[in-house]
Structures are given as structure tokens and as C-alpha cells.
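Remarks on the structure that follows.
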Amino acid sequence: MTQNFGVFLIIIVVLFLRTVRVALSSPSSQKLKRESDGAKLLVVIGSGGHTAEMVHILRSFLSDEKKTKKRDYFSNVFPKREYIFAVSDTTSVAKIERFEREEVQGGTNGEYRNHFVPRAREVGQSYFTSVFTTLLAFWHSWRVYWKTKPDAILTNGPGTCVPVILACFLGKVFGYNSACKVMYVESVARTRRMSLSGRLCYGLRLADVVFVMWPELKEKYPRSRYCGRIY
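Residue numbers (mature numbering (1 follows the signal peptide of the UniProt record, and there is no 0)): -25 to -1, 1 to 206.
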């Protein structure tokens, strides 16, 4: 009951802010700014299987060029990479740092930074108290978003991503970093129905593009893009 109310509240707030955004929007172009030194990518890292999936997703960028140039390709396109973790998720930090050290860096000029935010809700936490922890997570997510000002956000659906994406949406409402693009990749574990994070991003159009890995999901959510399974 409380969870449903929380989702309902998010929907109402987003719809209200979307109305405000339309009212305040100007006819100026909202295209993604491309600088000569590449784009800044903000990656939201979940725990467990989400981390393993995200590493596979990031590897797909590495394989877009010839094997001998793949590291340089990734670092040239995204020379500045920002990673967001939950404060207690030390395991995922180790996996991403190993990925950067062994598969990306390898003599390139790319750089990355790690950021930490509180979890919106811990396992077993009551839905009532999660309202307050979610607000705290949003505040910290907003601070990271404001500080990093990314060109694009990449996430594959952990609960940590919702406050980050809402921070991006709020920024767009009030004209801050309006060109930032949100790329949401639904987990391969979701074969018939999107996760709650996915349904929010898809239904409320919080993400600029939603990728799914199963054709059944593409049929159910026609605005999504089918990308096939990453592994």
C-alpha cells in the first residue's frame, strides 16, 4: 500500500514538473553539445547482477572499433567518466575499478571518478521510512549531478538510478544542463515485464531512450528499442 502510494506520488510530481517545464521551455535547441574533447558520461552502478551487466554494456562500447583501437575509442568518445555507487557497495567499486584499470585505461588518456550516494531503500526497510531515505538519496544524487554536469547518463535499472534520473529531469525543468541524455538499459533478467525503474522511465518518459534485450518486451513497450542480449 505504502509502496503504491510512493509510486503514485512520484508520478504526480513528475507530471507537474513536466507541465512546468513546458511552460518555461524556450524554442532554443536542446541538442546534445559535442565538444572537441568528447562527452562526459555518468554511469549509475547497482549491486550484484546489475554491476556485471553494466560491465558487459560498457564493454560493448569497447568493441565498436577494431580490437587494437578499442581502448582509445572508448576514452576518446567518453574521456571523462563519472560512476555513482551506493555508499555500502564496495564490491561494485572494485569491479568497476578493475574494468577501468585492465580494459579501458591501458595507456589511454581517459579519466574517471567515483561518487557515492545513500541507498533509497535498504533490503527489508519499511516503505514508510524509505520515503525519507529516498529524499536523502535524491539530495545527494542532485549534488553529484550538479557537480558533474554530464552529457549523458547510462543506467541499467538499479534502485539507485531513480533519484539520479529524477535529478536530471528536475534540472531540465529549470533549464540546467538541458541537453543531457538519459539512456536506460533494461536488465536481461526482465523477459516479460519491465522493472519498476524501467516502467517509470518508460511511462513518464524520464529516459530519452529505453533499450530492452528481449523481443517480447519490445512488443509490450513499442517505444523501447530492442538491442538484443549483451551476453
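All residues carry an ideal CB built from backbone N, CA and C; glycine is no exception.
Own chain residues within Cβ distance below 7 angstroms of residue i, not counting five before or after
{"i": "Tyr206", "result": "His31"}
{"i": "Cys136", "result": "Val19, Thr130 and Ser172"}
{"i": "Val119", "result": "Ile59, His90 and Val92"}
{"i": "Phe113", "result": "Pro138, Leu141 and Ala142"}
{"i": "Glu75", "result": "Tyr87"}
{"i": "Leu111", "result": "Pro93"}
Residue closest to residue i, alpha-carbon to alpha-carbon, out of the options
{"i": "Tyr151", "options": "Val160, Ser22, Phe103 and Leu141", "result": "Leu141"}
{"i": "Leu145", "options": "Trp117, Gly23, Glu75 and Val19", "result": "Trp117"}
{"i": "Ala14", "options": "Lys124, Asn89, Arg198 and Val163", "result": "Lys124"}
{"i": "Arg88", "options": "Pro197, Glu161 and Leu16", "result": "Leu16"}
{"i": "Gly203", "options": "Ser153, Trp189, Gly134 and Thr108", "result": "Trp189"}
{"i": "Gly134", "options": "Cys176, Ala95 and Arg76", "result": "Ala95"}
{"i": "Asp64", "options": "Leu179, Glu72 and Gly21", "result": "Gly21"}
{"i": "Arg180", "options": "Arg198, Glu72, Lys193 and Phe103", "result": "Arg198"}
{"i": "Arg73", "options": "Leu175, Trp121, Tyr201 and Thr26", "result": "Thr26"}
{"i": "Tyr201", "options": "Gly23, Gly178, Leu175 and Val163", "result": "Val163"}
{"i": "Glu77", "options": "Leu37, Tyr177 and Gly99", "result": "Leu37"}
{"i": "Leu33", "options": "Gly23, Ile71 and Gly99", "result": "Ile71"}
Residues near residue i in its chain [Cβ-Cβ closer than 6 angstroms; skip 5 each side]
{"i": "Phe91", "result": "Phe60 and Val62"}
{"i": "Tyr196", "result": "Tyr177"}
Cβ neighbours of residue i in the same chain (closer than 8 angstroms, five flanking residues each side left out)
{"i": "Met158", "result": "Ala127, Ile128, Leu129, Thr130, Ala182, Asp183, Val184 and Phe186"}
{"i": "Glu161", "result": "Asn131, Gly132, Met169, Ser170, Gly173, Val185, Phe186, Val187, Met188, Leu192 and Ser199"}
{"i": "Lys156", "result": "Leu7, Asp126, Ala127, Ile128, Asp183 and Val184"}
Cβ neighbour criterion (16 or more within 10 Å) applied to residue i
{"i": "Ala69", "result": "exposed"}
{"i": "Glu191", "result": "exposed"}
{"i": "Glu97", "result": "exposed"}
{"i": "Glu28", "result": "buried"}
{"i": "Ser35", "result": "exposed"}
{"i": "Gly132", "result": "buried"}
{"i": "Thr66", "result": "exposed"}
{"i": "Phe107", "result": "exposed"}
{"i": "Phe53", "result": "buried"}
{"i": "Asn101", "result": "The sequence given here places Ser at residue 101; Asn does not occur at that position. Under this definition Ser101 is an exposed residue."}
{"i": "Thr104", "result": "exposed"}
Residue range of the beta strand (DSSP E) that includes residue i
{"i": "Arg174", "result": "Taken as a continuous stretch (DSSP letters only), Arg174 belongs to no beta strand (DSSP E), being part of the alpha helix (DSSP H) at Leu171 to Gly178."}
{"i": "residue 213", "result": "No answer is possible for residue 213: it lies beyond the span of the chain, which begins at -25 and ends at 206."}
{"i": "Val79", "result": "Segment: none, Val79 is in no beta strand (DSSP E) and carries neither H nor E."}
{"i": "Val18", "result": "Lys15 to Val19"}
{"i": "Tyr206", "result": "First-last for Tyr206: undefined, no H or E at that position."}
{"i": "Val160", "result": "Lys156 to Val160"}
Beta carbon proximity, residue i to chain D, threshold 7 angstroms
{"i": "Glu86", "result": "The question asks about chain D, but that chain is absent: this structure has only one protein chain."}
Start-to-end residues for the alpha helix (DSSP H) that takes in residue i
{"i": "Ala182", "result": "Segment: none, Ala182 is in no alpha helix (DSSP H) and carries neither H nor E."}
{"i": "Lys55", "result": "Looking at the DSSP string, Lys55 is not in any alpha helix (DSSP H); the run it does join, the beta strand (DSSP E), is Lys55 to Ala61."}
{"i": "Lys195", "result": "Pro190 to Lys195"}
{"i": "Val73", "result": "What sits at residue 73 in the sequence shown is Arg, not Val. Its alpha helix (DSSP H) spans residues Thr65 to Phe74."}
{"i": "Ala112", "result": "Tyr102 to Thr123"}
{"i": "Ala95", "result": "Run containing Ala95: none; DSSP gives neither H nor E here."}
{"i": "Ala27", "result": "Gly24 to Leu37"}
{"i": "Val137", "result": "Cys136 to Val148"}
Quiz item: Counting pairs of Cβ atoms below 8 angstroms between the stretch 55 to 68 and the stretch 159 to 168, do you hit three or more?
Solution: Because the criterion of three Cβ pairs below 8 angstroms is not met, the stretch 55 to 68 and the stretch 159 to 168 do not touch.
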